[in-house]
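Trainee: Using mature numbering (1 follows the signal peptide of the UniProt record, and there is no 0), the letters of the sequence shown map in sequence onto residues -17 to -1, 1 to 121.
Note that beta-carbon positions come from the ideal geometry of N, C-alpha and C, so glycine has one too.
Predicted model, so just to flag it, every value in this text is computed and none were measured.
The structure follows.
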Amino acid sequence: MTRLLIGIWAMAGLALVACVPNEMPEASDGRALYMEYCSACHGENAKGDGPMARAMTTAPKDLTLISLRHGDSFPRAKVLSTIDGYARSDLDGPGMPEFGELLQGDLVPLDTGDGKMTPTPRKLVALLEYLESIQQTR
(Lines of atoms letter the chains of each structure in order from A and count residues from 1; the text may use other names and numbers.)
(Lines give C-alpha, C1' and ligand atoms only; values in the text may rest on other atoms or scores of the structure.)
Protein backbone atom coordinates (compact mmCIF):
# COMPACT_ATOMS: atom_id res chain seq x y z
CA MET A 1 0.00 0.00 0.00
CA THR A 2 2.82 2.38 0.88
CA ARG A 3 4.52 1.70 -2.46
CA LEU A 4 1.27 2.44 -4.25
CA LEU A 5 0.92 5.79 -2.49
CA ILE A 6 4.54 6.68 -3.22
CA GLY A 7 3.98 5.77 -6.86
CA ILE A 8 0.88 7.93 -7.07
CA TRP A 9 2.68 10.91 -5.52
CA ALA A 10 5.65 10.39 -7.84
CA MET A 11 3.40 10.37 -10.91
CA ALA A 12 1.59 13.48 -9.70
CA GLY A 13 4.94 15.19 -9.23
CA LEU A 14 6.05 14.21 -12.71
CA ALA A 15 2.83 15.59 -14.16
CA LEU A 16 3.50 18.95 -12.55
CA VAL A 17 7.14 18.95 -13.60
CA ALA A 18 5.92 18.33 -17.15
CA CYS A 19 4.19 21.70 -16.99
CA VAL A 20 6.99 23.61 -18.67
CA PRO A 21 8.19 26.24 -18.53
CA ASN A 22 7.48 26.70 -14.82
CA GLU A 23 7.20 30.48 -15.00
CA MET A 24 3.59 31.37 -14.40
CA PRO A 25 1.90 33.79 -16.79
CA GLU A 26 1.01 37.23 -15.49
CA ALA A 27 -2.03 39.44 -15.88
CA SER A 28 -0.21 41.50 -18.52
CA ASP A 29 0.14 38.35 -20.66
CA GLY A 30 -3.59 37.78 -20.28
CA ARG A 31 -4.49 41.33 -21.30
CA ALA A 32 -3.14 40.77 -24.81
CA LEU A 33 -5.16 37.55 -25.07
CA TYR A 34 -8.23 39.33 -23.72
CA MET A 35 -7.92 42.05 -26.37
CA GLU A 36 -7.59 39.41 -29.10
CA TYR A 37 -10.33 37.00 -28.02
CA CYS A 38 -12.75 38.84 -25.75
CA SER A 39 -12.83 42.59 -26.34
CA ALA A 40 -15.03 42.48 -29.45
CA CYS A 41 -17.96 41.43 -27.27
CA HIS A 42 -16.96 42.39 -23.72
CA GLY A 43 -15.25 45.68 -24.64
CA GLU A 44 -11.75 47.02 -24.07
CA ASN A 45 -12.56 47.64 -20.39
CA ALA A 46 -14.46 44.33 -19.94
CA LYS A 47 -17.73 46.14 -19.18
CA GLY A 48 -19.80 44.19 -21.75
CA ASP A 49 -19.86 47.04 -24.23
CA GLY A 50 -17.72 45.82 -27.12
CA PRO A 51 -18.59 46.67 -30.74
CA MET A 52 -20.25 43.26 -31.27
CA ALA A 53 -22.44 43.65 -28.15
CA ARG A 54 -25.03 45.78 -29.95
CA ALA A 55 -25.77 42.97 -32.41
CA MET A 56 -26.20 40.33 -29.70
CA THR A 57 -29.56 39.17 -28.35
CA THR A 58 -28.12 38.61 -24.88
CA ALA A 59 -25.74 41.31 -23.69
CA PRO A 60 -22.23 40.17 -22.76
CA LYS A 61 -21.50 40.16 -19.04
CA ASP A 62 -19.52 42.88 -17.31
CA LEU A 63 -16.40 40.86 -16.52
CA THR A 64 -15.21 43.33 -13.88
CA LEU A 65 -18.10 42.26 -11.62
CA ILE A 66 -17.41 38.51 -11.50
CA SER A 67 -16.12 38.61 -7.92
CA LEU A 68 -18.97 40.83 -6.73
CA ARG A 69 -21.49 38.43 -8.28
CA HIS A 70 -19.86 35.60 -6.31
CA GLY A 71 -19.70 37.04 -2.81
CA ASP A 72 -16.45 39.01 -3.24
CA SER A 73 -14.60 35.86 -4.26
CA PHE A 74 -13.19 35.21 -7.74
CA PRO A 75 -14.45 31.75 -8.78
CA ARG A 76 -11.37 30.55 -10.67
CA ALA A 77 -12.74 27.09 -11.55
CA LYS A 78 -16.06 28.49 -12.79
CA VAL A 79 -14.37 31.17 -14.89
CA LEU A 80 -12.02 28.59 -16.44
CA SER A 81 -14.97 26.31 -17.19
CA THR A 82 -16.84 29.14 -18.86
CA ILE A 83 -13.90 30.14 -21.04
CA ASP A 84 -12.96 26.61 -22.07
CA GLY A 85 -16.58 25.67 -22.80
CA TYR A 86 -17.22 23.08 -20.08
CA ALA A 87 -19.75 25.29 -18.28
CA ARG A 88 -21.64 26.24 -21.44
CA SER A 89 -24.41 24.46 -23.26
CA ASP A 90 -25.77 24.67 -26.79
CA LEU A 91 -29.19 24.53 -25.12
CA ASP A 92 -28.57 28.01 -23.69
CA GLY A 93 -28.67 29.44 -27.21
CA PRO A 94 -25.91 31.29 -28.99
CA GLY A 95 -23.34 32.59 -26.59
CA MET A 96 -19.62 32.62 -26.19
CA PRO A 97 -17.63 30.98 -28.93
CA GLU A 98 -15.20 28.21 -28.07
CA PHE A 99 -11.58 29.20 -27.90
CA GLY A 100 -9.73 26.00 -28.78
CA GLU A 101 -6.45 27.83 -29.34
CA LEU A 102 -6.41 28.84 -25.67
CA LEU A 103 -6.45 25.15 -24.75
CA GLN A 104 -3.28 24.37 -26.69
CA GLY A 105 0.38 24.81 -25.83
CA ASP A 106 2.40 24.61 -22.64
CA LEU A 107 0.81 23.63 -19.36
CA VAL A 108 1.41 25.30 -16.01
CA PRO A 109 0.29 24.14 -12.55
CA LEU A 110 -2.78 26.01 -11.30
CA ASP A 111 -4.72 25.85 -8.05
CA THR A 112 -8.33 26.72 -8.89
CA GLY A 113 -9.25 26.97 -5.24
CA ASP A 114 -9.42 23.34 -4.18
CA GLY A 115 -5.80 23.17 -3.02
CA LYS A 116 -4.79 20.85 -5.86
CA MET A 117 -2.36 21.84 -8.58
CA THR A 118 -3.81 21.00 -11.99
CA PRO A 119 -1.90 21.20 -15.28
CA THR A 120 -3.69 23.97 -17.19
CA PRO A 121 -2.95 25.59 -20.56
CA ARG A 122 -0.69 28.62 -20.09
CA LYS A 123 -2.85 30.92 -22.23
CA LEU A 124 -5.95 30.02 -20.25
CA VAL A 125 -4.15 30.79 -16.97
CA ALA A 126 -2.89 34.11 -18.38
CA LEU A 127 -6.43 35.14 -19.30
CA LEU A 128 -7.68 34.02 -15.87
CA GLU A 129 -4.98 36.11 -14.14
CA TYR A 130 -5.97 39.16 -16.17
CA LEU A 131 -9.67 38.76 -15.42
CA GLU A 132 -8.93 38.34 -11.72
CA SER A 133 -6.78 41.50 -11.78
CA ILE A 134 -9.59 43.73 -13.12
CA GLN A 135 -12.23 42.84 -10.55
CA GLN A 136 -14.11 45.66 -8.85
CA THR A 137 -14.39 45.61 -5.09
CA ARG A 138 -17.00 47.03 -2.76
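Alpha carbon to alpha carbon, how far is residue 18 from residue 84?
Mentor: In a straight line, the C-alpha of residue 18 is about 15 Å away from that of residue 84.
Trainee: DSSP state of residue 65, grouped into three classes?
Mentor: The answer is helix: DSSP assigns residue 65 an H, G or I state.
Trainee: Between residue 119 and residue 88, what straight-line distance do the alpha-carbon atoms span, to the nearest angstrom?
Mentor: Between residue 119 and residue 88, the C-alpha separation is close to 31 Å.
Trainee: Going by beta carbon distance, what residues of the same chain come within less than 7 Å of residue 56, once the five residues before and after it are set aside?
Mentor: Result list for residue 56: 50, in chain order.
Trainee: What is the rounded straight-line gap between the Cα of residue 59 and the Cα of residue 86?
Mentor: C-alpha separation (whole angstroms): 16 Å.
Trainee: Take the Cβ of residue 104 as the centre, count every other Cβ of all protein chains shown within 10 Å, and call the residue buried at 16 or more, exposed below.
Mentor: With 16 or more other Cβ atoms within 10 Å, it is buried.
Trainee: Pick helix, strand or coil for residue 97, following the three-state DSSP scheme.
Mentor: In the structure shown, residue 97 sits in coil (DSSP, three-state: anything other than H, G, I, E or B).
Trainee: In whole angstroms, what is the alpha-carbon distance linking residue 123 and residue 114?
Mentor: There is no way to answer for residue 123, as the model of the chain reaches only from -17 to 121.
Trainee: Are the Cβ atoms of residue 31 and residue 45 separated by less than 7 Å?
Mentor: It is a contact, given that the beta carbons lie within the stated cut-off.
Trainee: Residues bridged to residue 90 by DSSP?
Mentor: In DSSP, residue 90 forms a bridge with 104.
Trainee: Just how far apart, CA to CA, sit residue 82 and residue 97?
Mentor: Approximately 25 Å between the Cα atoms of the pair.
Trainee: Along the chain, where does the alpha helix (DSSP H) that runs through residue 117 open and close?
Mentor: That residue, residue 117, is in no alpha helix (DSSP H); it is neither H nor E in DSSP.
Trainee: Out of 112, 7, 22, state which residue places its alpha-carbon closest to the alpha-carbon of residue 36.
Mentor: Comparing Cα positions, the closest option is 22.
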